[in-house]
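Take a look at the structure below.
Protein chains: 2
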Amino acid sequence: MGSKARQATLTARPALVANRLHSAAIHLLRRLRTEDAAAGLSPSRLSALSVVVFGGPVTLGDLAAAEQVRPPTITRLVRELERQGLVFREADREDRRVQWIRATPKGQRLLREGRARRVQVLAASVADLAPEEQKALARAVPVLERLTVPPSRPRPRERLGGVPRTATRSTAKQNRGPRPQS
Amino acid sequence: MGSKARQATLTARPALVANRLHSAAIHLLRRLRTEDAAAGLSPSRLSALSVVVFGGPVTLGDLAAAEQVRPPTITRLVRELERQGLVFREADREDRRVQWIRATPKGQRLLREGRARRVQVLAASVADLAPEEQKALARAVPVLERLTVPPSRPRPRERLGGVPRTATRSTAKQNRGPRPQS
DNA sequence: ATAATAAGTTAGTTAAGCTAACTAAATGAT
DNA sequence: ATCATTTAGTTAGCTTAACTAACTTATTAT
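Going line by line, the protein sequences match chains A and B.
First residue of the first sequence: 17, per my numbering; consecutive thereafter.
First residue of the second sequence: 17, per my numbering; consecutive thereafter.
Now the structure itself:
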């Protein structure tokens with residue numbers, strides 16, 4: 017194969033790449049769904065819990081934004097995580113409409129252990145690939161991650177780094193309103 | 017190959033790659049979900065329709081295997097596609113338990129036009145990437161596609177390539193007594 | 001004081017997955 | 001030939017996760 021010609025073909029068809037990525041993502045998740053279920057955490061809950069664990073205390077709205085879903089979806093998701101004893105809420109002292117979500121120790125443990133267990137099947141497949149293939153994947157991952165962030169989302173989240181609790185509320189509020197750069 | 021150390025890092029952690037792939041896939045699909053809805057075809061239906069359109073006539077079992085879902089799920093999915101006038105079924109003449117699924121012209125058209133429209137947002141993002149990034153993605157896609165096929169599934173489905181209709185059925189089933197219609 | 005905005009919740013719908021239990025047809029053994 | 005088994009698909013009922021619309025409560029602005 018002439019590599020020049022092939023490269024040209026590849027880069028000339030973003031739609032084709034997008035298409036195949038789409039399919040691949042669907043099938044990838046289908047494949048992992050089974051493992052997810054075994055550990056009692058659906059992909060949605062897993063993803064949300066992960067934001068809570070690594071992103072420090074977050075509000076419901078933060079979570080909804082991070083997960084790119086609507087408020088009711090987050091309400092329900094958090095309720096389930098709460099029921100499983102993986103997160104808990106705490107009302108903000110300054111703005112009593114706001115609920116801060118934190119992970120319990122159980123939630124942190126379950127995320128770390130469970131997540132590893134869940135992607136283990138995938139990881140094994142990755143490990144079975146030829147080195148060049150693994151490299152191809154590893155190089156594509158950061159690109160993929162950039163792709164999955166909608167460009168239309170400014171995301172002003174200072175809170176996401178471990179916020180000490182109540183003090184930050186006023187600070188956070190400030191940039192809530194103005195929405196600096198879009 | 018430039019940095020040996022970097023390669024080692026990249027290939028040494030399949031679990032890390034798997035993890036990030038998992039997240040990326042979730043967010044990718046979330047992002048596309050909105051676009052999907054607009055065109056009237058959910059990701060699942062889109063994926064199934066795509067198999068029917070490009071994989072020639074398939075049985076329900078074929079579809080279930082290709083989509084990695086259980087029979088009831090496929091039954092429902094096909095019923096909806098049928099209701100939308102995108103596919104139709106036809107009973108096999110030799111084995112009357114078997115249903116062959118084909119795309120209608122409308123289904124073919126909708127897939128071609130609709131699919132492009134649906135992944136258009138993603139395609140636009142891909143097009144916006146730097147050329148090296150596009151190449152990284154393009155090279156990773158085939159690897160991804162291999163990853164999404166469970167290794168534990170031998171799946172010797174001869175039917176999946178465009179089967180002319182009833183002729184092949186007997187080939188597959190050959191040597192079994194021809195049960196005349198009752 | 002009152003209107004407007006913001007954060008979450010509730011209610012109700014739709015879609016997509018599953019298992020269990022079923023029907024109908026085909027195959028195999030006696 | 002009959003009866004048991006296997007296979008293809010369906011039905012019923014459950015769960016999860018998404019959505020919109022309409023609501024409550026709290027905050028902010030006029």
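Glycine is no exception: its CB is placed at the ideal position from the N, C-alpha and C atoms.
Please read these numbers as outputs of a predicted model, since none were measured by experiment.
Query: Distance, leucine 57/B Cα to arginine 87/A Cα; Result: Reading the sequence as shown, one finds proline at residue 87/A and not arginine. Roughly 24 Å separates the two Cα atoms.
Query: Neighbouring residues, chain A, relative to proline 59/B (Cβ below 7 Å); Result: Ile42
Query: Environment of glycine 71/B [buried if 16+ CB atoms lie within 10 Å]; Result: buried
Query: Cβ-Cβ distance between arginine 47/A and valine 157/B below 7 Å; Result: no
Query: Under 9 Å (Cβ pairs) to chain B, residues found in the region 78-92 of chain A; Result: Glu83, Gln84, Val85
Query: Chain A within 7 Å of leucine 138/B, Cβ atoms only; Result: yes
Query: Within-7 Å CB hit, alanine 64/A to chain B; Result: no
Query: Contact set between leucine 145/B and chain A, taken where Cβ atoms lie within less than 7 Å; Result: Val159
Query: Extent of the continuous beta strand (DSSP E) run through arginine 12/B; Result: As shown, chain B starts at 17 and ends at 198. That puts residue 12/B outside it, with no answer to give.
Query: Enclosing alpha helix (DSSP H) for glutamate 148/A [first to last residue]; Result: 147-163
Query: Interface positions of the region 99-110 of chain A facing chain B (Cβ-Cβ less than 7 Å), listed along the chain; Result: none
Query: Interface flag, glutamate 149/B vs chain A, CB-CB below 7 Å; Result: yes
Query: Rounded C-alpha distance that separates leucine 160/A from arginine 112/B; Result: 46 Å
Query: Completely contained beta strand (DSSP E) runs for the region 61-145 of chain A, where each covers 3 or more residues; Result: 103-107, 115-119
Query: Nearest-angstrom beta carbon gap, lysine 122/A and proline 102/A [assumed within contact, 8 Å]; Result: Note on identity: in this sequence residue 102/A is leucine, with proline being the wrong assignment. So it is a contact: roughly 6 Å between Cβ atoms.
Query: Environment of threonine 164/A [buried if 16+ CB atoms lie within 10 Å]; Result: buried
Query: Under 7 Å between C-beta atoms of alanine 34/A and valine 142/B; Result: yes
Query: For glutamine 100/B, the nearest candidate out of Ser39/B, Ala139/B, Thr120/B (CA to CA); Result: Thr120/B
Query: Chain-ordered chain B contacts of alanine 34/A [CB-CB under 7 Å]; Result: Val135, Leu138, Ala139, Val142
Query: Where arginine 128/B meets chain A, residues with beta-carbon distance less than 8 Å; Result: Those within 8 Å of arginine 128/B in chain A number zero; the least Cβ separation is about 11 Å.
Query: 7 Å Cβ cutoff, leucine 45/A in contact with chain B; Result: yes
Query: Beta-carbon contacts of isoleucine 90/A that lie in its chain and below 6 Å, excluding the five residues immediately before and after; Result: Leu76, Leu79, Ala80
Query: 7 Å Cβ cutoff, alanine 119/B in contact with chain A; Result: no
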